[in-house]
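Enquirer: When we follow the working numbering, the leftmost residue of the sequence shown carries the number 8, and every step to the right adds one. Ideal placement from N, C-alpha and C gives every residue a C-beta, glycine not left out.
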Amino acid sequence: MVSTAKIGGVTVEGRSIVFASGKGGTGKTTVVANLGVALAQFGKEVIVIDADITMANLSLILGMEDIPVTLHDVLAREADLRDAIYEGPAGVKVIPGGLSLEKIKKAKPERLRELIREISQMGDFILIDAPAGLEITSVTALLIGKELIVVTNPEISAITDSLKTKLVAEKLGTLPLGAVLNRVTNEKTELTKEEIEAILEVPVLAIIPEDPEVKRASAYGVPLVVKNPTSPAAIAIKQLAAKLAGIRWQPPEPESPIKRVFRALFGGKRR
Ligand SMILES: Nc1ncnc2c1ncn2[C@@H]1O[C@H](COP(=O)(O)OP(=O)(O)O)[C@@H](O)[C@H]1O
Ligand SMILES: [Mg+2]
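1. Here's the rule I'm using: 16 or more other beta-carbon atoms within 10 Å means buried, otherwise exposed. How should T37 be labelled?
2. Looking only at C-alpha atoms, which of A137, K30, G21 and E208 sits nearest to S127?
3. By the three-class DSSP mapping on this structure, what secondary structure does P259 have?
4. Tell me, please, which residues DSSP counts as bridged to P216.
5. Under 8 Å from any heavy atom of ligand 2, does the C-beta of L46 make it?
6. For L141, tell me which candidate among I166, A176 and I123 has the shortest Cα-Cα distance.
7. Can you tell me whether S225 sits near ligand 1, meaning its C-beta is under 8 Å from at least one heavy atom of the ligand?
8. Over what stretch of residues does the beta strand (DSSP E) that includes K100 continue unbroken?
9. In the DSSP output, what is P183 paired with across the bridge?
10. Can you check which of these residues, G253, L134 and H79, is closest to V25 by C-alpha distance?
11. For I215 and A252, I'd like the C-alpha separation in whole angstroms.
12. On the DSSP bridge list, what partners appear for L272?
13. Between the Cα of A241 and the Cα atoms of I143, A224 and D90, which residue gives the shortest distance?
14. Could you name the residues of the same chain whose beta carbon sits closer than 7 Å to that of N64, not counting the 5 residues immediately before and after it, in chain order?
15. Let me confirm a value: K195 is counted as buried when at least 16 other C-beta atoms fall within 10 Å, else exposed. Which label applies?
16. Following a CB-centred definition, is P216 positioned closer than 8 Å to any heavy atom of ligand 1?
17. Which first and last residues belong to the alpha helix (DSSP H) in which A27 is found?
18. If you compare alpha carbons, which of A91, L179, I244 and A83 is closest to I56?
19. When you compare the CB positions of A213 and V187, do they come within less than 9 Å of one another, or not?
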């Protein structure tokens with residue numbers, strides 16, 4: 008049995024949201040990791056799950072090393088669920104995937120659903136980082152959340168793939184909440200929010216700009232919302248967190264150049 012005490016004694020069944028995309032590399036892992044931390048910073052009990060069995064990298068973005076027990080071990084019934092729950096930045100709980108090929112072969116995706124039911128008792132938000140595409144593991148990940156958010160880039164090829172993902176999710180009974188547009192540059196070739204909403208028939212919940220700070224933060228192994236909370240992508244993700252949690256949140260005023268110089272000279276860890 009799962010020890011609820013370990014995760015703060017919360018027994019309320021939370022919202023479980025799958026973050027999926029048709030195409031790989033749209034930013035699912037970045038969004039799930041940072042959204043999870045942002046929700047935790049807002050005081051929510053959050054569990055992020057790496058369900059991307061083939062490309063498990065959620066824990067890397069969250070700067071977690073030394074993760075002996077992963078979702079793979081639990082799926083293969085080689086470990087207990089509570090041993091695969093780790094504490095990440097801002098108190099977010101992380102259930103990591105594993106990186107070993109041997110374990111990937113052993114993993115049984117069917118067991119995921121059963122596990123998610125257990126996990127969904129544990130927090131306010133369960134965020135699931137799904138694999139891209141519509142392979143069996145991706146479809147399984149769509150099944151395990153009650154709600155779906157598609158993470159897409161504003162290009163026609165990504166949008167049409169996202170539409171397929173959304174339609175499959177609907178068929179499976181997973182409710183599409185909306186889309187997150189990531190790596191938005193506002194170039195003329197990009198589809199607009201309105202065009203994307205018309206194609207996907209769901210609201211756009213967040214527009215996250217292309218932001219070099221995203222890669223910088225992941226190189227440091229520190230989530231962007233912790234490393235650089237005033238960067239444009241971090242602000243967009245925090246706004247999404249506030250929206251999902253039903254919290255009113257105003258982004259901080261941009262820092263004046265004089266203040267920035269003072270902070271660089273006399274304090275603040277900004278490197
Ligand atoms: N808003 C952004 N601005 C700049 N780079 C980004 C942004 N979002 C994601 N990336 C980068 O894009 C790549 C893919 O992101 P990732 O979250 O791993 O995608 P996925 O999980 O969908 O495969 C990573 O190198 C990541 O750092
Ligand atoms: Mg990923």
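Expert: Straight from the coordinates:
1. buried
2. G21
3. coil
4. V191
5. no
6. A176
7. yes
8. K100 to I102
9. L155
10. L134
11. 18 Å
12. Answer is none; L272 lacks a bridge partner.
13. A224
14. T36
15. exposed
16. yes
17. Premise fails: A27 lies in the beta strand (DSSP E), R22 to A27, not in any alpha helix (DSSP H).
18. A91
19. yes
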